[in-house]
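Visitor: Going by the working numbering, the first residue of the sequence shown is number 1, and it counts up by one from there.
The structure's right below; bear with me while I get my questions together.
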Amino acid sequence: MSAKTIITRAVACASLFLLMGPLYAGGSGTVTDQFDEVTWSGGPYTSVAADPTTCVADVTCDKFDLTIDIPSGHTASVRFRIDWVSNTNDFDLYIYDALGSQVGSSGAGSTEFEEVAVNGLGPGTYEVVALAFATANTTVEGEAELLNIIDTTGGDALVLDNTIRFRNTIVDFSAGSGEPFINSDNDGNSFASVPFGFSTTHSLLWKSIDDDRSFIALGSPVTRDAVAGLGGGDTHQDFDANGWFYYVDLSAVCVTAAVSTDGGNTFDPLRNNQVTCVSEENPTAVGDDRQWSGAFGNGIGYATWRNLTFGNFWMFRTEDGGLNWDGGIQLGSVSQSGPLRVDKTLRDVGGQDAILSYQVYHTGSTVRVFRVTDFNDGSQLQVDDRLVAPGPGSKGNVFPVISIDTAGNLYVVYSQGSNQIYLTTSTDRGDTWSAPKEIGNTFGTNIMPWIIAGDPGRVAIVWYNSNLDGNPNVPSSVWNIYMAQTLNALDAEPTITYHKANHTVIHYAQICLNGLGCNLSVPMGDRGFLEFPSVTMDENGAAAIVYNDNTNQPHHVYVMVAKQLDGPSLLASVGDLSNANVVDPGSVTLDTPADATEVTTSELDADGTHTLPALNFDRDEAADALFPDHGPVIGANIPALDLSCVSIEADGTDVTVTMELDDLSLAALAAAPALSGGDGVLYVTQWDYKDDVYWLAAEVRAGVAVYHTGGLAVVTSGTSTKYMTYNPNAIDSASVVGSIDMAAGMITMSVPRELVGSPGDGVMLHHVTGYAMSQRGPLVPVSSGEPGEAGVPNPSSFPIKVDASGGFSHRLGDPLTQDGIVELSIDDGPFSSPIAAETLGTCNADWTASLDVSGLSGGAHTLCARQVINGRGPSPAECVTFTIPDPDTDGDGITDSNDNCMLTPNFDQADQDSDAVGDVCDNCLLEANPDQCNTNAGTGAGQDQIGNVCDADLNNDGIVNSFDLSIMRSNFGASGVNDSDITCDGIVNSFDLSEMRTDFGQAPGPSGIAPPGRGKNKPGQAIRR
């Protein structure tokens, strides 16, 4: 691989001031490879603020615009620092990019400076904010130093590719936890799970049935007694060929398994039990840890885990869908394991069909795999222990992960140290492995990789990346989730593309990797993300990544899913996700005009409907507000809670949210609470801006609507956050202007921009999501429990989501647009010159067009419509015919298409020369000339109304003579129609000369009639056409 190109700037000694960039008093400055450092000053500051997004420049914060002037295709690392006098004062440091996204921060407290290094900054302008958090008449000194420039076109540089788009979805607006796991069943449904902690005795499971646009909370598959059955630890799941769902989580004394035979709607109590973890074979299993599951065929399931005391690693098996589990066998001893993977295809082993399972693990500095062969004939499982990756180097950040492609090839990823991720592959069922292949480069910190394989060589790898090298526990780290994709992973040097899957920074500061030791350390480490993100693929080979994000006011850990929308598929049969044979191109209707319409005007009005996806708003599925939405009986749709559209826009002063629903009539609103088991309904739209979550809500109780905005509150258990909820602010809510249009089914809410972060036009709002909820009590302020604080601490009831829109991003100031176009054509089946229709509104999915048909001839024509979603092929065309009536321009009773003189009435249609031009308008009555060619037509001097074919008088002197012959000779051979071109064939040649000889000595005669005795059309003479 080619080396990175890095231009490193020496750190200047403070006394060499002349080598530094200029000193600025606030305002702006620039760093380049020639001037690698700028300094500035601001203040003094006495007024203070707590929010860098709403502070007032030169009053409660210092703002400095730093331009990074580097070539395109390069990124820079920049060190930002602010200093002040005395640690009794306190400034915080924030850096934002041009779109308002925070890219760095530092807020240590009790210091005289803040400092952060930010990597990967592209060319452009960044805002540096020094927030006066607690100051008294204090100035601040700022400094920005360009540390290095990286040429990202080099082979080793991690170059982010923006050709793959991701839709980011909040899995649950309230509950959340770390190390989320995701996989998909054969029907295209996704399942995400997280541990929820022993204090709750539960783990959490969600299901998506709408392509990961929204998720249904299935609760905890395992039911435990809160006293006798503590649990809620590590989760994992898999599916057998029946679609049965095998789920395991961690109890305080054992691993618990639950099996659903109906897609997670219910978990049969007979299939919900503790796996035999204390047995004659496994006497020390009370202390177990990090279990995994796998499934195959018809009811065969596996569970594996490690005994904490000795590191013994066990596998248990069921062959009746979880009704019974065997006593288990010990596979070996491990330091820590990764997920169990079961090959879903029977493989030939020594002439017998066998189920192959692979359990990856690490011990010391090596990565290894147990290959388990199950002949499913009652014989003992065969276990082979194979080396995957040798030492040296730590491989414990955190789990090694294995995946199997459709041909049975194996792929393992692991994090070595804290900044390198490696991939190794095997094509012989794990007996031998390739040399490790580095994913990305050593830039920044790279931990917690996960992998999914599709067809041979086609894999996606995800991991958490911070901008700083080395130890990921650095307080100023900025974290994102990256995906690497390769379609030839089995090659010695695979081609890899890199993509950032998240839309906003997902975490700042440390991610603690010391397991439970993070909770025991002083101060306690940040283990909110726990130990991994994960990735799966859907039936089309599109990646679905589940990860954590806690960049919100209370740092609550959201579970997020990033769904790949386009680009290469992990299935070779699909190829690209834009393949119209795989991805539905949608459809249109052509409602107007009706077929066989007669059009009597110059414009044709057309309209219909489309199925274009929304680009910067969301159009939700119809009739999906079901309550209950899971369980033994699925409820009916509730029209007043059935979202159809959610959008957000802004004018000069306000941000406005519009939520449209199926039915907001008084009757529907009155019925909704009881139908959803509540006492009121709540409509909320939330969004992310500058790492804070903002929201607007309409609360309808007893037919009265109240509008809210505010902050967020959390419910904690012990030292961890379990739930987040909306915390209304009465003062700010008084500024919300709302209305409900019952007839249109529309809720509109507007709030001044300054109450939601003061976003300007051009900034992006991310994760915009609408919710229709059932309430269990009114929305009231929530307190943290501090003495004297208003509100209720740790409320015991939250609104319940009944319907949710898909998440979307919106750039303020942009119009609401569709992700594609509706095209029309007239008499143009291939759409070689398509006409764009106008797509109207948001939720109505209508299109319209006014087409100019004034130039069309009378008769039948065909109008067709189709849609083209961006990145996909066109939909099937819908077509109708219409007719243009034949006019009678001259009013002689003969329509224009049949009239041989359309502008002059001629009832008899006389045509002596049979050239299809009536005598009354024929410029050569006796000489056939259907083209009516006359190169000197007109009424001026030298002009006449006689066609060339009967007018050889070129000088218009009244007779054809030698003067005319002389003119013809001078033009002989000339191209282009002119007076000498009597035959009007485009060239003056012998044919024209022959005509002149025939007419020689004759006058052209009125209307080209020759004098008596010299008729031009002699008996038997051919008439030229």
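Heads up, the beta-carbon is just placed ideally off N, CA and C, and yes, glycines get one too.
To which residues of the same chain is Tyr-96 closer than 6 Å at the C-beta, ignoring the five residues directly before and after it?
Guide: Cβ neighbours of Tyr-96 beyond the five flanking positions: Gln-102 and Glu-127.
Visitor: Tell me, to the nearest whole angstrom, how far the beta carbon of Gly-440 is from that of Tyr-498; I am working on the premise that it is less than 8 Å.
Guide: That belief holds up - the Cβ atoms of Gly-440 and Tyr-498 are roughly 6 Å apart, short of 8 Å.
Visitor: Counting along the chain, where does the beta strand (DSSP E) carrying Leu-696 start and finish?
Guide: Looking at the DSSP string, the run of the beta strand (DSSP E) that includes Leu-696 is 692-701.
Visitor: Taking only beta-carbon positions, decide if Asp-234 is within less than 8 Å of chain C.
Guide: The structure shown contains no chain C, having only a single protein chain.
Visitor: Taking 7 Å as the limit between beta carbons, can you name the residues of its chain near Val-802, skipping five residues before and five after?
Guide: Ala-625, Phe-627, Ile-638, Leu-641, Ser-676, Ala-772, Met-773 and Ser-774.
Visitor: Can you list, in chain order, the residues of its chain whose CB lies under 7 Å from that of Ala-877, leaving out five sequence neighbours each side?
Guide: Only Cys-864, Ala-865 and Arg-866 meet the Cβ criterion.
Visitor: Measure from the alpha carbon of Pro-556 to the alpha carbon of each residue in Ala-192, Ala-622 and Ala-713, then state which is nearest.
Guide: Per the sequence shown, the amino acid found at residue 556 is His instead of Pro. Residue Ala-713 is the option with its Cα nearest to His-556.
Visitor: What are the partner residues of Ile-289, as DSSP defines its beta bridges?
Guide: Residue identity check: residue 289 is Asp in the sequence provided, not Ile. Looking at the DSSP assignment, Asp-289 forms a beta bridge with Arg-306.
Visitor: Spatial neighbours of Val-756 within its chain, please: CB distance less than 6 Å, with the 5 preceding and 5 following residues excluded, ordered by chain position.
Guide: Same-chain partners within the cutoff: Val-655 and Tyr-694.
Visitor: How should Arg-347 be labelled, buried or exposed, when 16 other C-beta atoms within 10 angstroms of its C-beta is the threshold for buried?
Guide: Result: exposed.
Visitor: Going straight from the alpha carbon of Asp-161 to that of Ile-216, what length do you get?
Guide: Their Cα atoms are separated by approximately 32 Å.
Visitor: Taking just the CA atoms, how far does Ala-489 sit from Leu-513?
Guide: If you take the alpha carbons of Leu-513 and Ala-489, they lie about 29 Å apart.
Visitor: What distance in whole Å lies between the Cβ atoms of Lys-563 and Thr-169, which are believed to be in contact at a cut-off of 8 Å?
Guide: That pair is a contact at about 7 Å.
Visitor: Kindly provide the ranges of any beta strand (DSSP E) runs that are 3 or more residues long and lie completely inside the segment 63-88, ordered along the chain.
Guide: Entirely contained in the segment 63-88, the beta strand (DSSP E) runs reaching 3 residues are, in chain order, 74-83.
Visitor: Within 10 angstroms of the Cβ of Met-483, are there 16 or more other Cβ atoms? Answer buried if so, exposed if not.
Guide: So Met-483 counts as buried.
Visitor: Do Asp-662 and Gly-762 have their beta-carbon atoms positioned less than 8 Å apart in this structure?
Guide: Not closer than 8 Å, so no.
Visitor: Thinking just about the alpha-carbon of each residue, which of Ser-106, Ser-578 and Asp-289 is nearest to the one in Gly-871?
Guide: The shortest C-alpha separation from Gly-871 is found at Ser-578.
Visitor: Going by C-alpha distance, which of Val-949, Asn-955 and Asp-931 is nearest Gly-942?
Guide: Checked all of Val-949, Asn-955 and Asp-931; the closest Cα to Gly-942 is Asn-955.
Visitor: Less than 8 Å between the beta carbons of Trp-479 and Ile-451, yes or no?
Guide: Cβ atoms of Trp-479 and Ile-451: not closer than 8 Å.
Visitor: So, with DSSP's three-state summary, where would you put Ile-982?
Guide: Of the three classes helix, strand and coil, the one that applies to Ile-982 here is coil, per DSSP.
Visitor: From Gly-958 to Cys-984, what distance separates their C-alpha atoms?
Guide: Distance between the alpha carbons of Gly-958 and Cys-984 is about 21 Å.
Visitor: Mapping the DSSP letters down to three states, classify Ala-132 as helix, strand or coil.
Guide: Three-state result, Ala-132: strand.
Visitor: List in chain order: all unbroken beta strand (DSSP E) runs of 3+ residues lying wholly within the segment 345-371.
Guide: Taking only runs of at least 3 residues, the beta strand (DSSP E) segments lying wholly in the segment 345-371 are 347-349 and 352-363.
Visitor: Evaluate contact between the segment 139-146 and the segment 78-94, counting only Cβ atoms and requiring at least three cross-stretch pairs below 8 Å.
Guide: Counting Cβ pairs under 8 Å, three or more are found: they touch.
Visitor: On the criterion of 16 or more Cβ atoms from any shown chain inside 10 Å, does Ala-130 qualify as buried, or is it exposed?
Guide: By the neighbour-count rule (16 or more Cβ atoms within 10 Å), Ala-130 is buried.
Visitor: Can you give the beta carbon distance from Ile-150 to His-202, rounded, assuming they're within the 8 Å contact cut?
Guide: Wrong, their Cβ atoms sit about 46 Å apart, outside the cutoff.
Visitor: Report the three-state DSSP secondary structure of Asn-540 (helix, strand or coil).
Guide: In the structure shown, Asn-540 sits in coil (DSSP, three-state: anything other than H, G, I, E or B).
Visitor: Please state the DSSP three-state secondary structure of Asp-469.
Guide: Note: Asp-469 maps to coil in three-state DSSP.
Visitor: Let me know if Ala-25 comes out buried or exposed under the rule of 16 or more other beta-carbons within 10 Å of its beta-carbon.
Guide: Low confidence applies to Ala-25: its pLDDT is 41, below 50, so where it sits in the model is not reliable enough to give any reading.
Visitor: Is Glu-754 helix, strand or coil by DSSP?
Guide: Three-state result, Glu-754: helix.
Visitor: Looking only at C-alpha atoms, which of Ser-758, Thr-600, Asp-964 and Val-360 sits nearest to Arg-882?
Guide: Sequence check: residue 882 is Phe here, not Arg. When only C-alpha atoms are compared, the closest one is Thr-600.
Visitor: Judging by CA-CA distance, which residue of Tyr-726, Ala-697, Asp-629 and Ser-477 is the nearest neighbour of Val-737?
Guide: Considering only alpha carbons, the answer is Ala-697.
Visitor: Would you check if the distance between the CB atom of Tyr-547 and the CB atom of Met-560 is smaller than 8 Å?
Guide: Yes, Cβ-Cβ distance for Tyr-547 and Met-560 is below 8 Å.
Visitor: Could you tell me whether the Cβ atoms of Met-742 and Ser-647 are closer together than 8 Å?
Guide: Their beta carbons are not under 8 Å apart, which means Met-742 does not touch Ser-647 by this criterion.
Visitor: Candidates Pro-554, Ser-28 and Ala-543: which alpha carbon is nearest Gly-567's?
Guide: The option with the nearest alpha carbon to Gly-567 is Ala-543.
Visitor: Between the beta-carbon of Thr-685 and the beta-carbon of Gly-806, is there less than 8 Å?
Guide: Cβ distance not < 8 Å, so Thr-685 and Gly-806 don't count as in contact.
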